[in-house]
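Chemist: Just so you know, we're using the numbering used here here: the sequence shown kicks off at 50 and counts up by one.
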Amino acid sequence: NRPMAEHLDTISQQIKEPQIIANWLLGPISALANKHYLGFNQLPITAQQISELLNELNSGSISSKMAKEILEHMWDGGKSAAEVIADKGFKQLNSTDDIKPILMDILNKHPQQLADYRAGKQKLFGFFVGQAMKATKGQANPDLLNTLLKELLNAES
């Protein structure tokens, strides 16, 4: 429809990845519009605000899951992505220095699971990922977390 196409055009001027824009317009944004019985010409957020959110996502400072939560807060509160991120503490942990101490603490608190993993129970990897995501409130970069966790689990004690 025309209002959605106008959003696409506006956002495309700032974000050069049309697939991501289309996925968000057709996915989470359309879902919220449908939930609230709104057309794209009635959205409580602007194309500029959507661009800001997608820029945060593309930069890696937030995860896709966080972006969806931020979108809902923007929708309900009329705030920008940056304001919601600051207010709600949404920030993806992208540093080894941030994540590694958390992982070390988890491994130290679960010596039996660590021993079992190292003895061949590879399915325990999921347990450690779950503990790490819980400890970081889902804010750890999943790729970095998995890489660091594998290194630590496979290191000799």
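Just so you know, even glycine gets a beta-carbon here, dropped at the ideal spot from N, CA and C.
Please determine, among 54, 122 and 145, the residue with the shortest C-alpha to C-alpha distance to residue 196.
Modeler: The residue with the shortest Cα to Cα distance from residue 196 is 145.
Chemist: Here's the rule I'm using: 16 or more other beta-carbon atoms within 10 Å means buried, otherwise exposed. How should residue 123 be labelled?
Modeler: Under this definition residue 123 is a buried residue.
Chemist: Which one of 71, 138 and 192 has the shortest CA to CA distance from residue 186?
Modeler: Of 71, 138 and 192, the residue nearest in Cα terms is 138.
Chemist: I need the straight-line Cα distance from residue 68 to residue 103, nearest angstrom please.
Modeler: The alpha-carbon atoms of residue 68 and residue 103 are separated by roughly 12 angstroms.
Chemist: Is DSSP giving residue 142 helix, strand or coil here?
Modeler: Strand.
Chemist: Check residue 116 in the structure and name its three-state DSSP category.
Modeler: Reduced to three states, the DSSP call for residue 116 is helix.
Chemist: What does the Cβ neighbour count give for residue 121, buried or exposed, with the cut at 16 atoms within 10 Å?
Modeler: Under this definition residue 121 is an exposed residue.
Chemist: Per DSSP, what are the beta-bridge partners of residue 204 in this structure?
Modeler: None; residue 204 has no bridge partner.
Chemist: Of the choices 172, 151 and 188, whose alpha-carbon is the least far from that of residue 110?
Modeler: Answer by Cα proximity: 188.
Chemist: Could you give the DSSP three-state label for residue 168: helix, strand or coil?
Modeler: Residue 168 falls in the coil class under three-state DSSP.
Chemist: Assign residue 166 to one of two classes, buried (16 or more other C-beta atoms within 10 Å of its C-beta) or exposed (fewer than that).
Modeler: It is buried - the Cβ of residue 166 has at least 16 other Cβ atoms within 10 Å.
Chemist: Could you name the residues of the same chain whose beta carbon sits closer than 8 angstroms to that of residue 113, not counting the 5 residues immediately before and after it, in chain order?
Modeler: These residues qualify, in order along the chain: 106.
Chemist: Could you tell me if residue 101 is buried or exposed, where buried requires 16 or more neighbouring beta carbons within 10 angstroms of its beta carbon?
Modeler: Classification of residue 101: buried, given that the 10 Å Cβ count is 16 or more.
Chemist: Candidates 53, 75, 64 and 161: which alpha carbon is nearest residue 108's?
Modeler: The shortest C-alpha separation from residue 108 is found at 64.
Chemist: May I ask you to list the residues that DSSP assigns as paired with residue 189?
Modeler: DSSP output for residue 189 lists 142 as bridge partner(s).
Chemist: Are there 16 or more other CB atoms within 10 angstroms of the CB of residue 96, so buried, or fewer, so exposed?
Modeler: Answer is buried; the Cβ neighbour count reaches 16.
Chemist: Could you round the C-beta distance between residue 201 and residue 156 to whole angstroms and report it? I think they count as a contact, below 8 angstroms.
Modeler: Between residue 156 and residue 201 the Cβ distance is about 6 angstroms, and since that is below 8 angstroms, they are a contact.
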